[in-house]
Every structure is written in structure tokens, then in C-alpha cells.
Amino acid sequence: MTEQARTFLGPMMVLRAFVIFNLAIGVTYGAFGVLVTPMEARMHTDRSTVSFGISLIILANGLLSPILGWLIARFSIRRLMLFGAVWAALGYIGLGYARNATEMLLCYGLFIGPGVTVMGPIPCYTLVSNWYREGQGRALGLVGMPILAMAVPMVVVHLLPATDFRTVTYVLAGCYLLALPVIFGVIDQPSQIGQLAKGQSPDQMAQDRAQSSAISTTALLCSPVFLLLVAGSGLLVGAGVGKTAHMVPLLTEAGWDYAKAALLLSISSGTAMLGSVMFGWLADKMNSCIALTFNALLQAMVWVILIIPANYALLVIDAVLIGACGGGFIAAKGVLVSRIYGAQNFATVMGISGFATLPFLFGMAPLAGMLREWTGDYDLAVQIYIGGFLLAAVCFALLARVERRTQAPTAEPMEMAG
């Protein structure tokens with residue numbers, strides 16, 4: 001059998017990326033909330049200090065993301081993932097021996113955060129982007145379904161009473177080591193085994209190779225197209241962080257009991273998986289900017305429900321739609337980045353845009369809190385968020401024409417991006 005006659009391995013790469021993504025993201029983010037109270041007691045510190053651990057993970061992701069494109073080009077996706085899995089596992093082993101808050105935060109900031117970053121989302125999405133030109137949104141949507149993020153908290157809750165904290169950290173470390181056999185099967189590019197990406201012709205592969213030079217950070221930051229991408233992305237992602245932080249207190253202040261408010265947040269988080277696939281499919285079927293514009297406009301409408309008198313059934317619908325929109329954003333954005341900048345620059349653009357959105361990520365949730373303290377309720381904060389959704393819709397609508405031009409038969413992604 002010739003190399004070209006081999007069975008297309010794209011679906012296998014999607015499956016591997018799905019497993020690796022879930023182990024990278026699901027284990028750490030799923031376990032952290034359950035571990036807060038035990039760490040507070042074990043490290044003899046307060047809750048705000050313990051909570052800083054998750055901020056260090058986000059910070060590590062933000063700081064490392066801009067150089068992931070360079071690291072992938074230099075070392076390969078597989079090597080980065082292998083390093084990340086081992087590094088995160090070492091972090092959890094160290095966490096089991098941590099005796100105070102400083103040691104705990106060092107484990108999260110220097111080991112777990114960097115390990116998750118170089119193993120997780122951007123390498124996984126880049127792998128899928130390399131293997132798919134057609135059906136990319138659906139593939140990205142499947143990879144981004146955070147199933148373990150929902151399962152891990154329940155497992156850890158049952159493990160803690162049955163064993164001790166150190167054993168739980170060993171189990172978490174073991175989860176990352178379990179990823180190693182999966183990672184060993186990762187093939188960065190279909191061309192490595194004589195295959196083409198799905199939907200890619202031999203002429204397109206030759207064109208991709210001709211355009212393989214890396215785009216510079218300066219060129220990106222001076223590009224109006226990139227700035228529109230950052231603004232639209234930041235407003236949507238920042239609102240998602242704000243939802244996680246404030247949805248429960250907003251609803252309890254509106255008169256709903258804590259259990260019902262928490263259930264709505266869980267529903268919203270769970271339906272992110274549905275949105276991941278749905279918006280990925282929409283991005284494939286139409287201009288991905290249209291999918292992102294629709295996402296932003298839909299959120300602008302459903303967030304209104306949070307500040308008007310509404311029964312619980314309507315709030316459930318609201319939670320479902322907000323969750324689906326939040327979960328579907330990254331798949332549609334991935335398609336947009338790939339179409340405008342090309343697969344060869346996917347990791348670089350995703351990483352730098354992620355770093356550039358950090359002010360939104362860290363600023364929008366505190367802004368809502370400050371506005372609530374100033375006005376006495378969340379009405380103004382939600383109204384500002386709605387305005388942000390409308391502005392994001394404008395940003396993506398303006399990018400729609402650029403995306404259409406890059407899809408023309410003779411289009412060159414790098415030129416279109418400027």
C-alpha cells in the first residue's frame with residue numbers, strides 16, 4: 001500500500017486531540033474548585049490566596065500563548081504535548097508535598113499552568129487545523145467539548161473523603177501521565193505521512209508551503225483586521241468570565257435561592273458542549289464571521305432576560321443559550337483564524353490574540369463587581385455587557401468581507417490579513 005493510499009488519519013488526530021484537550025483542561029479546571037477548601041486547611045491560608053492558583057494558570061496561559069507558534073515550529077506539537085503532560089504531572093506531585101501557600105502557588109504557577117498551556121488548547125486546535133481545511137469547525141467543536149470538566153469534580157468529591165489530599169494529587173498527576181500514550185500517536189502534519197488535509201488539493205498544499213513564512217507580531221498588532229479580531233474576541237470571552245463569576249449572585253439577588261441559581265450556572269456550563277459543535281458546524285456551513293456575529297447578537301438578546309422579571313423556565317432557556325454561545329465561540333474563531341491567516345500561522349495568531357485579550361479576561365468580571373457595588377444591583381453591568389456584545393457583532397461583521405476574500409480561489413491568506 002502506498003503512502004497516498006493509506007486511510008486518512010484526520011479522524012484519529014481529532015480523537016487524540018479530544019482526549020488530550022480534556023485531560024489538559026478538564027482535570028485541572030474541573031478539580032480546582034473542589035480542592036479549594038482542602039488546600040485552604042492544608043496550606044494554613046485564606047480562600048483568596050488559594051483562589052489565586054487558578055489566576056496563575058490563566059496568567060501562564062496568557063504569557064506563554066504568544067510564543068506557542070514559535071515553539072510548535074521549533075519542537076513539534078507532539079514534543080510540546082509530551083513535555084506539558086510530564087510538567088503538569090510533576091506539578092501535581094509537588095502539590096501533594098506542598099506545606100504552605102507559597103509552595104502551592106509555585107506548583108500552580110511554574111508547573112501546572114505552563115504544562116496545561118503547552119499540552120492543551122492551542123496545540124490541540126493547531127493539530128486539527130493542520131489536518132482539516134473542510135469540516136474544520138465541526139472538528140474543532142468536537143475537540144473543545146469539555147466533558148471531563150464536568151466529570152472530574154464529582155470524582156474528586158468522592159475521592160477526598162475516602163483517601164487523603166496527597167493521594168488525590170497523585171491521581172491527578174496520573175491522569176496527565178495517561179495522556180502520554182495518546183500523545184505518542186500524534187502526527188503534526190498530514191504531509192509527514194504523504195497525506196493531504198481534508199479538503200486540501202495538491203495545488204493548495206504547494207501554495208501553503210510557498211506561504212510558510214511566519215507572520216510577525218508587529219505585523220499583527222499593526223493590522224486593523226487583527227485588532228478587530230482581538231476586540232470582538234475579548235468582549236465575548238470577557239463576558240464569559242463575568243458570567244461565571246457573577247451569574248449566581250445576580251440570580252440570588254433577584255430572589256432565587258442559591259441551589260436554583262447554581263443549577264442554572266451548571267446548565268449553562270454543560271450546554272457549552274452543545275454550542276461547541278453547533279457553532280463549529282455553522283462556521284463550516286457559512287462564513288464563520290456570520291456565525292460569530294450571530295453568536296454575539298444572540299447573547300445580547302438573552303442577557304436581557306437576566307435583568308427583567310422572568311420565571312424559572314425562561315431562565316433555564318437563557319442559561320442554555322448563554323452556555324451554548326460561550327462554548328461555541330472558540331470553534332468558530334478557529335475557523336476564522338485559519339481562513340484569514342492560513343494553517344501555517346494558526347498557532348501564532350491564536351496565541352497572540354489570546355494574550356491581547358487578557359485585559360478583557362481580567363477586567364470585565366471586576367468591572368461588573370464594581371458597578372454592582374456602585375449602583376446596588378447588576379442592571380448597569382449587564383447593560384454594559386450587552387453593549388459589548390453589540391460592539392463585538394460589529395467587529396465580526398466587518399471581518400466577514402475579509403473572510404470571503406480569503407476564500408476566493410486565488411486568495412493568499414497572509415496578504416488578506418493585512
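Residues 1 to 418, numbered by full-length UniProt numbering, are exactly what the sequence shown covers, in order. Heads up, the beta-carbon is just placed ideally off N, CA and C, and yes, glycines get one too. These numbers come from a predicted model, not from an experiment.
Own chain residues within Cβ distance below 8 Å of residue i, not counting five before or after
{"i": "L297", "result": "F389, L390 and A393"}
{"i": "Y170", "result": "Y92, I93 and G96"}
Secondary structure of residue i, DSSP reduced to three states
{"i": "Y92", "result": "helix"}
{"i": "Y132", "result": "strand"}
{"i": "E3", "result": "Low confidence applies to E3: its pLDDT is 46, below 50, so where it sits in the model is not reliable, and the reading given next is rough at best. The answer is coil: DSSP assigns E3 none of H, G, I, E or B."}
{"i": "F8", "result": "coil"}
{"i": "I187", "result": "coil"}
Same chain, Cβ closer than 6 Å to residue i, five either side skipped, listed in chain order
{"i": "M145", "result": "M273 and S276"}
{"i": "T410", "result": "Residue confidence for T410 is low, a pLDDT of 47 falling below 50, so the modelled location carries little weight; the figure read from the coordinates is stated next. Closer than 6 Å at the Cβ level, and outside the excluded window around T410, lies no residue."}
{"i": "A397", "result": "T293"}
{"i": "F36", "result": "Here residue 36 turns out to be Val, not Phe, going by the sequence shown. Same-chain partners within the cutoff: V50."}
{"i": "G113", "result": "L56, I57 and A60"}
{"i": "residue 492", "result": "The structure shown does not extend to residue 492, since the chain is modelled only from 1 to 418, so the question has no answer here."}
{"i": "Q200", "result": "R133"}
First and last residue of the uninterrupted alpha helix (DSSP H) at residue i
{"i": "K260", "result": "Y258 to G270"}
{"i": "S233", "result": "P224 to E253"}
{"i": "C325", "result": "Y312 to Y341"}
{"i": "M104", "result": "A101 to L106"}
{"i": "L399", "result": "D379 to T406"}
{"i": "W374", "result": "L358 to T375"}
{"i": "T44", "result": "Residue 44 is actually His in this sequence, not Thr. First-last for H44: undefined, no H or E at that position."}
{"i": "V304", "result": "Here V304 belongs to no alpha helix (DSSP H), and DSSP marks it neither H nor E."}
{"i": "T218", "result": "T217 to L221"}
{"i": "T167", "result": "F165 to F184"}
{"i": "I147", "result": "I147 to A162"}
{"i": "L196", "result": "Note, L196: premise wrong, no alpha helix (DSSP H); not H, not E."}
{"i": "M286", "result": "Segment: none, M286 is in no alpha helix (DSSP H) and carries neither H nor E."}
{"i": "G115", "result": "G113 to M119"}
From the options, residue whose alpha carbon lies closest to that of residue i
{"i": "A41", "options": "A101, Q136, T244 and A231", "result": "A101"}
{"i": "F355", "options": "Q299, G62 and V34", "result": "G62"}
{"i": "I77", "options": "M301, S201, Q192 and T293", "result": "Q192"}
{"i": "L235", "options": "N130, F165, S353 and T167", "result": "S353"}
{"i": "G363", "options": "L15, S55 and V14", "result": "S55"}
{"i": "R133", "options": "V225, V248 and P202", "result": "P202"}
{"i": "L156", "options": "Y108, P38 and V118", "result": "Note on residue identity: the sequence assigns Val, not Leu, to residue 156. If we check each option's Cα against that of V156, P38 comes out closest."}
{"i": "A291", "options": "Y29, D318, I330 and I112", "result": "I330"}
{"i": "A324", "options": "A73, L315, L105 and T271", "result": "T271"}
{"i": "L59", "options": "C175, C222 and T357", "result": "T357"}
{"i": "A179", "options": "P359, L361, K285 and V27", "result": "V27"}
{"i": "V320", "options": "S269, A283, M370 and P309", "result": "S269"}
{"i": "A197", "options": "A149, G238 and N130", "result": "N130"}
{"i": "G30", "options": "L9, L71, V116 and M81", "result": "V116"}
{"i": "A149", "options": "G10, F165, A162 and F32", "result": "F32"}
{"i": "A300", "options": "A89, G240 and M13", "result": "G240"}
{"i": "G283", "options": "T167, L172, G141 and I308", "result": "The question names Gly, but residue 283 in the sequence shown is Ala. Nearest C-alpha to A283: G141."}
Beta-carbon proximity list for residue i, same chain, < 7 Å, skipping 5 on both sides
{"i": "C395", "result": "L228, A231 and G232"}
{"i": "R372", "result": "Y378 and A381"}
{"i": "N287", "result": "A400, E403 and R404"}
{"i": "G242", "result": "M364, A365, A368 and Y385"}
{"i": "L250", "result": "L306 and Y378"}
{"i": "L265", "result": "M247 and V248"}
{"i": "A17", "result": "C124, L127, V128 and V143"}
{"i": "F52", "result": "L105"}
{"i": "R47", "result": "V36 and E40"}
{"i": "A310", "result": "none"}
{"i": "G185", "result": "R16"}
Residue i CB to nearest heavy atom of the ligand ADP below 7 Å
{"i": "A332", "result": "Among the components modelled here there is no ligand, and therefore nothing to report on the ligand ADP."}
For the 8 Å Cβ check, are there 3 or more pairs between the segment 373 to 386 and the segment 278 to 298? The segment 373 to 386 is not in contact with the segment 278 to 298.
Assess contact between the segment 113 to 129 and the segment 15 to 27, defined as three or more Cβ pairs (one per stretch) separated by less than 8 Å. Is contact present? With the cut-off at 8 Å, the segment 113 to 129 and the segment 15 to 27 touch.
Could you tell me whether the segment 329 to 338 touches the segment 134 to 145, using the rule of 3 or more Cβ pairs below 8 Å? Yes, the segment 329 to 338 touches the segment 134 to 145.
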